[in-house]
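Under the working numbering, the first residue of the sequence shown carries the number 304, and numbering increases by one thereafter. Virtual Cβ for every residue (Gly too), placed ideally from N, Cα, C. If you're wondering where the values come from, they're calculated on a predicted model, not measured in any experiment. Presented below is the structure to which this report refers.
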Amino acid sequence: MARLPEIHLLCMLDEYTTAFTDAVARHCPDLPSFTQITHHNCALKYLPQDQRFDAVVSPANSYARLDGAFDDALARVYGPPGDYDWITRKAQKVVYEQWRGFAPPGTCTVVPLDHKDAQPSDVRSAAQSKSTRANTDSHTANRTNLVIILGMMQVSKKIPFDDPNVLNGVRALYVVSNLVIVAIYLYTKMQIDKKRDMTVLKYVEPAAMGSTEEPKAVTTTVHAYDTSQLKGLFKSQLMGVGMMAVMHLYFKYTNPLLIQSIIPTKGAFEGNLVKVHVLGYPASGDLKRPWKAAAGMMGMMGGQGGTEIKTDKKSIEAAEKAGRGGSKEE
Numbered sequence: 304m305a306r307l308p309e310i311h312l313l314c315m316l317d318e319y320t321t322a323f324t325d326a327v328a329r330h331c332p333d334l335p336s337f338t339q340i341t342h343h344n345c346a347l348k349y350l351p352q353d354q355r356f357d358a359v360v361s362p363a364n365s366y367a368r369l370d371g372a373f374d375d376a377l378a379r380v381y382g383p384p385g386d387y388d389w390i391t392r393k394a395q396k397v398v399y400e401q402w403r404g405f406a407p408p409g410t411c412t413v414v415p416l417d418h419k420d421a422q423p424s425d426v427r428s429a430a431q432s433k434s435t436r437a438n439t440d441s442h443t444a445n446r447t448n449l450v451i452i453l454g455m456m457q458v459s460k461k462i463p464f465d466d467p468n469v470l471n472g473v474r475a476l477y478v479v480s481n482l483v484i485v486a487i488y489l490y491t492k493m494q495i496d497k498k499r500d501m502t503v504l505k506y507v508e509p510a511a512m513g514s515t516e517e518p519k520a521v522t523t524t525v526h527a528y529d530t531s532q533l534k535g536l537f538k539s540q541l542m543g544v545g546m547m548a549v550m551h552l553y554f555k556y557t558n559p560l561l562i563q564s565i566i567p568t569k570g571a572f573e574g575n576l577v578k579v580h581v582l583g584y585p586a587s588g589d590l591k592r593p594w595k596a597a598a599g600m601m602g603m604m605g606g607q608g609g610t611e612i613k614t615d616k617k618s619i620e621a622a623e624k625a626g627r628g629g630s631k632e633e
């Protein structure tokens, strides 16, 4: 065994370090004589600022599919600007040349990244940026929606809705905003069908609130899942338009027209499907499927707070054994 100067092991929790130490003592007792192992019981973003590495190990699978949160940080540091998938293509090319596309389980394939002299320690800052971005975006969206609603409530008090021209103008704004949303969703559908990602997706769908049924195990594909999510968005928009029509045409409310011309359009751009398929966000971290359902009336306030969807193997197996296994086919 060739000697390595030092291995930095990111274990996050103390029990992981204990498990690793026990495994080494049992299966590879000579390992400490070949290298020095430094354990880091912390998140990647908390590594020392001056830490430097010669190589970084990615937990990619045998197909060199780099789709985890750590891989996201690698892609942002090492990939050329505007080419997020560069590092995945690079890794898959090497795996194909060396293993004909499938690296045997237990192997480790070296992928040289010699086009760029970025230090692997820079991965820390990329991961930190990513890990905080989703939470920041969510809280910002909530605050922004609240500010818009409160602001528009004050503005609408000063708008002369009794003037037919003004009223028709606000109506036109509402119609245009919904046409924009429809256009966004139709473009999203085009992208979903174009990619046609047939990767298998398994998760446990929680029972409806107040229901006595058990959670249901679902087996589907990314394409079918995204298509189902898009149908839900269209349905939510249609329900929103219907409710607005009743409020405006039957109950003669005019003020909500202005607010509903802004919030739903803003919400469309903040939705997971649009982020992934239109805005180019990577489907990892908080955007990794399956997604939480938006809370509240059509997610108006932009909150996430939906019922928890489980993706761990133990929960899936338990749901399948319980007899409520489900399947969504193409």
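Give the DSSP-derived three-state secondary structure of residue i in the structure shown.
i, result
"A520", "strand"
"K631", "In this prediction, K631 scores a pLDDT of 49, lower than 50, which makes its location untrustworthy; the coordinate-derived value is nonetheless stated afterwards. Coil at K631, not helix or strand."
"E620", "helix"
"P339", "Looking at the sequence provided, one finds Gln at residue 339 rather than Pro. In the structure shown, Q339 sits in a strand (DSSP, three-state: E or B)."
"K461", "coil"
"Q395", "helix"
"F405", "coil"
"T410", "coil"
"G606", "Because the pLDDT of G606 is 39, which lies under 50, any placement of that residue in the model is unreliable, and the number read from its coordinates should be weighed accordingly. It is coil, neither helix nor strand."
"D317", "helix"
"F356", "coil"
"Q431", "Residue placement at Q431 is poorly supported in this model, since its pLDDT is 41, which falls under 50; the coordinates are not used for a value here."
"Y490", "helix"
"A322", "helix"
"G384", "The sequence shown places Pro at residue 384, rather than the Gly named in the question. In this structure, P384 counts as coil in the three-state DSSP scheme."
"R379", "helix"
"R592", "coil"
"I565", "coil"
"A625", "coil"
"G543", "helix"
"S587", "coil"
"T502", "coil"
"A527", "helix"
Under the criterion of a Cβ to heavy atom distance below 7 Å, does residue i qualify as lining the ligand HEM?
i, result
"V525", "In the structure shown, the ligand HEM is absent, as is every other ligand, since no ligand is present at all."
Identify which residue in the options has its Cα closest to the Cα of residue i.
i, options, result
"V523", "D500, L536 and P509", "Residue identity differs from the one stated: residue 523 is Thr in this sequence, not Val. When each option's Cα is compared against that of T523, the closest is D500."
"F537", "H551, L504, L576 and L552", "L576"
"S564", "I619, M546 and V479", "V479"
"K498", "V469, T447 and G583", "G583"
"Y488", "F464, K578, E516 and D465", "K578"
"G454", "I310, L561 and V360", "L561"
"V398", "L369, R379 and Y387", "L369"
"L590", "E318, A358 and D375", "D375"
"E623", "H330, T491 and A520", "A520"
"G382", "L334, P415, F356 and P593", "P415"
"I619", "P509, A372 and A571", "P509"
"D615", "D466, M547, V507 and Y553", "V507"
"Y387", "L377, K396 and Q395", "L377"
"L350", "W389, M315 and E400", "M315"
"G535", "V485, Y553 and T557", "V485"
"Q354", "D325, P467, H311 and K461", "H311"
"C345", "A328, A358 and L313", "L313"
Taking the DSSP output, what are the residues bridged to residue i?
i, result
"Y553", "In the DSSP output, where bridge partners are listed per residue, Y553 has none listed."
"E309", "Q339"
"V507", "A520 and K613"
Assuming residue i and residue j make a contact with CB atoms under 8 Å, what is their CB distance in whole Å?
i, j, result
"H580", "I495", "6 Å"
"E309", "Q339", "5 Å"
"Q540", "P567", "7 Å"
"R592", "L504", "6 Å"
"T557", "L470", "7 Å"
"A372", "G570", "Actually they do not touch by this definition, with Cβ atoms about 25 Å apart."
"V525", "T502", "5 Å"
Kindly confirm or deny that the stretch 356-368 and the stretch 393-410 touch, where touching means at least three C-beta pairs closer than 8 Å.
yes
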